[in-house]
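When you read off a place in the sequence shown, starting at 1, and then add 89, the result is the number in my numbering.
Just so you know, even glycine gets a beta-carbon here, dropped at the ideal spot from N, CA and C.
Everything below concerns the one structure shown next.
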Amino acid sequence: MKRALKLSIADSLKEALANHQQGRFREAGRLYGEVLEHQPNNANALHLSGVLAMQTGNPRLAVEKILRAIAFASNADFYSHLGEAYRQLEDQERAIQACRAALLINSKHTGAMNNLGVALMEHGKTSEARDVLAEAVRLNPRFAAAYNNLGNALRILGDRDGAVAAFRQAVETDPAYGEAHSNLGQLLLERLDITSALEHCQRAVALLPNLAQAHNNLGNALREAGKLEEAKRSYAQALHLDQRNAMILGNIGQALQEEGRIEEALSWYDRSLQADPSSARTYANLASCLAEQERMVEARTAYEEALRRDPSWPEANAGMGGLLRDEGDYEQAIAYCRKAIAAKPELPAAHGGIAQAYTELGRLQEAEQAVRDALRCDPGNTGAYSSLASLLGRRLPDDDLEQMRRLAATVVRKSRLLPLHFGLAHALDARGEFVEAAEYAKKGNALQLERWVRQGRDYDPEQHRAFVEQLCETFTPEFFERSHGLGADSQLPVFVLGLPRSGTTLVEQILASHSQVHAAGELAFAGECFESLPNICGISATPLECVNRLDKESAGGAARYYLDRLARLASGKTRITDKMPDNYLHVGFLHVLFPRARIIHCRR
90 MKRALKLSIA
100 DSLKEALANH
110 QQGRFREAGR
120 LYGEVLEHQP
130 NNANALHLSG
140 VLAMQTGNPR
150 LAVEKILRAI
160 AFASNADFYS
170 HLGEAYRQLE
180 DQERAIQACR
190 AALLINSKHT
200 GAMNNLGVAL
210 MEHGKTSEAR
220 DVLAEAVRLN
230 PRFAAAYNNL
240 GNALRILGDR
250 DGAVAAFRQA
260 VETDPAYGEA
270 HSNLGQLLLE
280 RLDITSALEH
290 CQRAVALLPN
300 LAQAHNNLGN
310 ALREAGKLEE
320 AKRSYAQALH
330 LDQRNAMILG
340 NIGQALQEEG
350 RIEEALSWYD
360 RSLQADPSSA
370 RTYANLASCL
380 AEQERMVEAR
390 TAYEEALRRD
400 PSWPEANAGM
410 GGLLRDEGDY
420 EQAIAYCRKA
430 IAAKPELPAA
440 HGGIAQAYTE
450 LGRLQEAEQA
460 VRDALRCDPG
470 NTGAYSSLAS
480 LLGRRLPDDD
490 LEQMRRLAAT
500 VVRKSRLLPL
510 HFGLAHALDA
520 RGEFVEAAEY
530 AKKGNALQLE
540 RWVRQGRDYD
550 PEQHRAFVEQ
560 LCETFTPEFF
570 ERSHGLGADS
580 QLPVFVLGLP
590 RSGTTLVEQI
600 LASHSQVHAA
610 GELAFAGECF
620 ESLPNICGIS
630 ATPLECVNRL
640 DKESAGGAAR
650 YYLDRLARLA
660 SGKTRITDKM
670 PDNYLHVGFL
680 HVLFPRARII
690 HCRR
């Protein structure tokens, strides 16, 4: 039996809508229900109850109700909200169709334009979305949500200046628009305007304390400001609000990685991949973490997984380029970095990777241009300035040196200060300003030591002295006589050794001028081979203890370990140089493996 209405149908709808607009959803729902009990085909009540269902997390019910409303009345608002309900159900094609139907009824319906723009963006049609949203704000210059969505579209398309302008317009139009503050803060952070980024991210959290993305973006800003503990607290709050968000899980990993807590970072990256196994971003971050731990084989696999998921992912291409550069495959390294730049022209790491490869190839003018490109993308990039100082030495322009000094006085993040201190030490040493150079070198060493300690690594001079003494006790004339004939007959490797600035790079470049010589730069293969001896020999012992147990089979296995990696760098060449400075520790071992290989010692 129907309950009698206290008000007329029209007045009941008016009261329901007032409750709806003021956020009293339960009362609004009750009143819509009473109207529909008396008039089941009331299009307005069906439509508004559908909107209420969508706002309270039931888009499927919203579609059902709004479709019933449309059956009784063709209205642009109905189709616009139907489009949004379909979008929330991730049915983008139907969402786009519904919004277009709204615009056929009313070509100037800015709400439908806004909903259409978001649906197009999520459907991968970002350029079209940008045009639709631009028309929406042209028709309604006070439409804050459309400005915010336009900013998102422009950001995806790489127009960061346009995106900043759109987000600013959104918060100027509606100063209490928390989502727009959060988006603006994140974009300002990417432009390294850290102070403004923090201001907007903090405002977003104050306005939207239950929005996980706002806390996540604030964490990013705090991390960039060097406030890692505060950043982790923001990430923890974001995770509390959205426990399966892969990006938040990955950001916690990045914060821990920056602190040097590598094992903990790896576990968070694993959690991120469990939440989203398709994330190229997380695989690329995992790879960088593994590379930092010098687990290069695993790092390569992780980069390959990232590129399998998204072949154009810029950070993965730049990272793979870095691995290839370290392996001496400079041309392929440059190719991967160029792929990264094609996808993300403003990625400093990709330009920096090209610079380092050109430096190793002796193409110094091109190297300098690539470093300048990195600095154009990020004028505060301390790694690029460090590379520039190393490349130019005493020729480093005064303006660049002064900018490095200014950065050293203002940069907070230790990960950014580390290369800057070493770069300043190098530049000042080259100019003969030894006292100041020593001060910066001391600061750099302190930061490096702090990072190593956090990673569980350390440098103990006495421990190293003991290791060198063990080397001398192991590699005696009697040992070499006993191990004669165990190694490989190959002359492929050429080892170039020497202290920094002793001329190893020049010697390598001279050798590489021969058509049959490939300059591979500083390779980690020898050290990896030495550390792998327990596995190669199949015994539980230290690598140095394994040396005394080498036989024909194990020495051959160790030689193949090195040669297989070396041969991939330059097929067809008869000599490949390896100028890793640390190889001085492995001269005896390398001579056993490759008795016919040349070892060139450079002295200052």
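Cα atoms of residue 426 and residue 446: separation of roughly 10 Å, rounded to the nearest angstrom. For the alpha helix (DSSP H) assignment, the uninterrupted runs of no fewer than 4 residues enclosed by the stretch 297 to 379 are, from N- to C-terminal side, 301 to 313, 317 to 330, 335 to 347, 351 to 364. A check of alpha carbon separations from residue 547 across 535, 289, 409 identifies 535 as the nearest. Here residue 508 is not bridged, per DSSP, to any residue.
DSSP places residue 568 in the uninterrupted alpha helix (DSSP H) bounded by 566 to 571. Contact between the stretch 319 to 330 and the stretch 501 to 514 is absent: fewer than 3 CB-CB pairs across the two stretches fall below 8 Å. The three-state secondary structure of residue 690, taken from DSSP, is strand.
Secondary-structure assignment with DSSP links residue 607 through a beta bridge to 665. The C-alpha of residue 107 is placed about 25 Å away from the C-alpha of residue 160.
In chain order, 243 place their CB closer than 6 Å to the CB of residue 251, counting only its own chain and leaving out the 5 sequence neighbours on each side.
For the 8 Å CB-CB criterion, residue 206 and residue 226 do not form a contact. Beyond the five residues adjoining it in sequence on each side, residue 358 comes within less than 7 Å, by CB distance, of 339, 342, 371, 374, 375, 378 in the same chain, given in chain order. Remark: fewer than three beta-carbon pairs, one from each stretch, lie closer than 8 Å, so the stretch 634 to 646 and the stretch 596 to 613 are not flagged as touching. Between the stretch 577 to 593 and the stretch 675 to 690, the count of Cβ pairs shorter than 8 Å is three or higher; the stretches touch.
Assignment of beta-bridge partners to residue 587 by DSSP yields 691. In this structure, the beta-carbon distance from residue 335 to residue 293 does not fall below 8 Å.
Here residue 582 carries a strand assignment [DSSP, helix/strand/coil].
Here DSSP, grouped into helix, strand and coil, assigns residue 145 to coil. Between residue 204 and residue 172, the C-beta gap is smaller than 8 Å, which places the two residues in contact. If you check the CB distance, residue 208 and residue 249 do not come in under 8 Å. At a Cβ-Cβ threshold of 8 Å, residue 133 and residue 125 do not count as neighbours. Scanning the stretch 375 to 453 for uninterrupted alpha helix (DSSP H) segments of 4 residues or longer gives 385 to 398, 403 to 415, 419 to 432, 437 to 449, listed from N- to C-terminal end. The beta carbon of residue 169 lies closer than 7 Å to those of 188, 191, 198, 200, 201, 204 in the same chain, with the five residues before and after it left out. Annotated three-state conformation of residue 186 is helix, per DSSP. Contact between the stretch 622 to 632 and the stretch 562 to 580 is not established, with fewer than three Cβ pairs separated by less than 8 Å. In the assembly as shown, residue 524 is an exposed residue. Its beta-carbon has fewer than 16 other beta-carbons within 10 Å. Counted as a single uninterrupted DSSP element, the alpha helix (DSSP H) harbouring residue 103 occupies residues 98 to 110. The shortest CA-to-CA distance from residue 99 to any of 118, 459, 128, 618 is the one to 128. Boundaries of the alpha helix (DSSP H) harbouring residue 168: 165 to 177, taken from the DSSP string. In the DSSP assignment, residue 526 falls within the unbroken alpha helix (DSSP H) covering 523 to 543. Secondary structure at residue 244: helix, using DSSP grouped into helix, strand and coil.
The beta carbon of residue 502 sits closer than 6 Å to the beta carbons of 315 from its chain, once the five residues preceding and following it are set aside; these are given in chain order. A direct Cα-to-Cα measurement between residue 406 and residue 506 gives close to 25 Å. In this structure, the CA atom of residue 255 is about 29 Å from the CA atom of residue 145. Taking residue 545 as the centre and dropping the five residues before and after it, the same chain places no C-beta closer than 7 Å to its C-beta. For the pair residue 477 and residue 460, the CB atoms are nearer than the 8 Å cut-off.
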